[in-house]
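Each residue of the sequence shown is one higher than the one before, starting from 1 at the first, in the UniProt record's numbering.
Beta carbons: idealized from backbone N, C-alpha and C, even for Gly.
As structure tokens, the structure follows; a few thoughts come after it.
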Amino acid sequence: MHSDAELLAAWAGGDTLSGSRLFDRHYSAVYRFFANKVSSPSEIEDLVQQTFMACIESRARYRGEASFRTFLFAIARNVLLRYLRDARKHDVDVASTSLADCGLGVTSVLHLRREQQLLLTALRHIPIDSQIVLEMSYWEQMPAREIGETLNESEAAIRGRLRKAKLELRGAVEGLARTRSELDSTLDGLEQWAENMRAFWDAR
């Protein structure tokens, strides 16, 4: 099996089959990245396409020293920031602004269990970069080192950000939960929730 770096180099050289293989290999992860951040499946698909096009345009920056997915997620984050800037008509402070603050809708998830809906909604009520690090940790099972490579921060800094983000998520869930039992069942099932959401997004 060809490595990501080999497929990217071949794609850059005009081998569209290699480009298709690279796309297929990472499509689901990039789709999940945008899935709880924009309002419609068509917008998600558009941002996924933009991410892969930016990937080939930025290929010279990828030297294979870090994993390809950290390179790809860094591009996806930049694509998201540009999308938010265009929607809001100004730059967005992702360290303090949530997607809920931006007033943007989200893809319908009405048929999910209440706890799953609650977590997705709560994620959209914490700062965008906190949402991103939690989703990378839970959905993509990325270690702190890889998240740090994606965001250009140290592993120690990411561990601190993950601790803070979990507290922010808990606060958001507390504000949205209807009962104490709903709060506890939601927060106690984060790992299972992440597994279920991966399956949910991959099936769409």
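Beta-carbon spacing of L162, S137 below 8 Å: Along the sequence shown, one-based indexing puts residue 162 at 162. Along the sequence shown, one-based indexing puts residue 137 at 137. Taking the C-beta atoms as reference points, S137 is found nearer than 8 Å to L162.
Endpoints, the alpha helix (DSSP H) within which P41 is located: Counting from 1 along the sequence shown, the entry for residue 41 is found at position 41. Taken as a continuous stretch (DSSP letters only), the alpha helix (DSSP H) holding P41 covers 41-57.
Residues near S130 by beta carbon distance below 6 Å, same chain, minus five either side: Translated into the one-based positions of the sequence shown, residue 130 becomes position 130. If you ignore the 5 residues before and after S130, its C-beta comes within less than 6 Å of the C-beta of A165, E168, all in its own chain and listed in chain order.
Residue nearest to D202 in terms of C-alpha spacing, selected from D91, H2, I44, V94: Here residue 202 refers to the residue found at position 202 when the sequence shown is read from its first residue. If we check each option's Cα against that of D202, I44 comes out closest.
Secondary structure of M20, DSSP reduced to three states: Position 20 of the sequence shown, counted from the first residue, corresponds to residue 20. The amino acid at residue 20 is misidentified as Met; the sequence shows Ser. Correct three-state label for S20: helix.
Residues near T97 by beta carbon distance below 7 Å, same chain, minus five either side: Residue numbering aside, residue 97 sits at position 97 when the sequence shown is read from its first letter. These residues qualify, in order along the chain: P127, I128.
Entirely enclosed alpha helix (DSSP H) segments - the segment 140-172, minimum 4 residues: 144-151
Under the three-state DSSP convention, the category S98 falls into: Residue mapping note: residue 98 aligns to position 98 of the sequence shown, counting from 1. Correct three-state label for S98: strand.
Beta-carbon proximity check, A29 vs E140, cutoff 8 Å: For the purposes of this step, residue 29 is taken as residue 29 along the sequence shown, with counting starting at 1. For the purposes of this step, residue 140 is taken as residue 140 along the sequence shown, with counting starting at 1. For A29 and E140, yes; Cβs fall inside 8 Å.
CB-CB length for F52 against F71, believed under 8 Å: Position 52 of the sequence shown, counted from the start, is the residue given in the question as residue 52. Position 71 of the sequence shown, counted from the start, is the residue given in the question as residue 71. So it is not a contact: roughly 12 Å between Cβ atoms.
Limits of the unbroken alpha helix (DSSP H) element including S3: Taking the sequence shown and counting its residues from 1, one reaches residue 3 at position 3. Note, S3: premise wrong, no alpha helix (DSSP H); not H, not E.
Residue span of the alpha helix (DSSP H) that contains V79, given as start and end: Translated into positions along the sequence shown, residue 79 becomes position 79. First-last of the alpha helix (DSSP H) with V79: 68-88.
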